[in-house]
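Keeping their order, the protein sequence lines are chains L and S.
Going by this note's numbering, the residue at position 65 of the first sequence is 65; the numbering climbs one at a time, nothing skipped.
Count along the second sequence from 1, add 1000, and you get the number used in this note's numbering.
Idealized CB from N, CA, C, for every residue including glycine.
Working notes, structure below.
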Amino acid sequence: DGGITQSPKYLFRKEGQNVTLSCEQNLNHDAMYWYRQDPGQGLRLIYYSQIVNDFQKGDIAEGYSVSREKKESFPLTVTSAQKNPTAFYLCASSKGARETQYFGPGTRLLVL
Amino acid sequence: QKEVEQNSGPLSVPEGAIASLNCTYSDRGSQSFFWYRQYSGKSPELIMFIYSNGDKEDGRFTAQLNKASQYVSLLIRDSQPSDSATYLCAVRDNYGQNFVFGPGTRLSVLP
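Below you can see the structure in the form of C-alpha cells.
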C-alpha cells in the first residue's frame, strides 16, 4: 500500500528534552512538509523540502529542525527551544512543489 | 500576509439538506484552491481542488470559485451524518510553493 506513515501516534516530552517525529512516504513524492495544528486553528507550516538534502523554513520554524537525507524520509525534531510544543503535528507530501498535498495520520505531542 | 478566512461554525444542517461552506482569501495572485475534510482527531483528507472560475462537481460535492470576488465555496448535497467534520480551505498562489490554510469550518449534520 502506498502512503504516508507517521510515528509515534502519541509522544510525550519532558522539560528540556528534544524529541523526533518520524515521517516516511512510499509514494515517490519529491516534496515533503511539516505542519502544526493547534485546537481551533488552521495548519501552520513549520518546514518543507522540495528535494533531498534541501529544506526551507516555513512560517513557524523556530524551535524545530529537520533533515532530508532520503527521498522517503523527513523527520522533525522538536527542540527544547520550542517552549509551547503541545500540538498535533502533520506531515504531508506532494509529487511536485505545486502539486496536491496528501497527509499522514499525524503525531500528537504532549508535554509532561 | 496572505490570509484565508472561514466561518468557524459550527454549521448545522439537517440530514439530506445542502451544506454550504465558504472561504475567502486575500491574495489576488492565488491560483489553486483545495478543500480538505478533517474528522476529529484525524488528519485532513483531500475532497477536491479547483483551478478555474466556475463550478466543479464530484459526486455529492461541488466546488465553486469566483476569483474576482476572491471567494471559493464547497457545496455538499444530500448531507449525511458521516459528513460531520471540519472542512479546511487551502489556497496556493501561482508563484509560491506552499499552501495557506484557513482555520476550518465545523459542519454538523443532524439525523
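Based on the DSSP secondary-structure assignment, which residues constitute the bridge partners of I1076 (chain S)?
Answer is S:A1019 and S:F1061.
Rounded to a whole number of angstroms, what is the C-alpha to C-alpha distance between G1102 (chain S) and C1089 (chain S)?
So the alpha carbons of these two residues sit roughly 5 Å apart.
What residue from L:S49, L:D54 and L:L76 has the CA that sits closest to Y89 (chain L)'s CA?
Looking at the Cα atoms, L:L76 is the closest of the given residues.
Would R1077 (chain S) count as contacting chain L if we go by Cβ distances under 9 Å?
Chain L contact via Cβ: absent.
Which residues does DSSP pair with T107 (chain L) in a beta bridge?
Partner(s): L:Y89.
Quick one: list the residues of chain L neighbouring S1040 (chain S), beta-carbon separation under 8 Å, in chain order.
Residues of chain L passing the Cβ test: none, with the nearest at roughly 11 Å.
How many angstroms separate the CA atom of Y1036 (chain S) from the CA atom of L43 (chain L)?
The alpha-carbon atoms of Y1036 (chain S) and L43 (chain L) are separated by roughly 11 Å.
By DSSP, does P1014 (chain S) sit in helix, in strand, or in coil?
Note: P1014 (chain S) maps to strand in three-state DSSP.
Do V52 (chain L) and P85 (chain L) have their beta-carbon atoms positioned less than 9 Å apart in this structure?
Not closer than 9 Å, so no.
So, M1048 (chain S) versus K1056 (chain S), is the Cβ gap smaller than 9 Å?
Their beta carbons are under 9 Å apart, which means M1048 (chain S) touches K1056 (chain S) by this criterion.
Look up E1005 (chain S) in the DSSP assignment and give the residues it is bridged to.
Partner(s): S:T1024.
Report the CB separation of I4 (chain L) from Q25 (chain L) in whole angstroms; it is logged as a contact under 8 Å.
I4 (chain L) to Q25 (chain L), Cβ: 5 Å. Contact.
P105 (chain L) versus chain S: which residues are under 9 Å apart at the beta carbon?
What P105 (chain L) touches in chain S: K1042 and S1043.
Does DSSP classify I80 (chain L) as helix, strand or coil?
In the sequence as presented, Ile is not what sits at residue 80 (chain L); that position holds Ser. S80 (chain L): coil per DSSP, three-state reduction.
To the nearest angstrom, how far is it from the Cα of Y1071 (chain S) to the Cα of N1053 (chain S)?
Computed Cα separation, rounded: 10 Å.
Between S67 (chain L) and F74 (chain L), what straight-line distance do the alpha-carbon atoms span, to the nearest angstrom?
So the alpha carbons of these two residues sit roughly 6 Å apart.
Under three-state DSSP, which class holds S1082 (chain S)?
Three-state result, S1082 (chain S): helix.
Taking only three categories from DSSP, how would you classify L27 (chain L)?
Residue state, collapsed to three classes: coil.
For F74 (chain L), name the three-state secondary structure that DSSP assigns.
Here F74 (chain L) sits in coil by DSSP.
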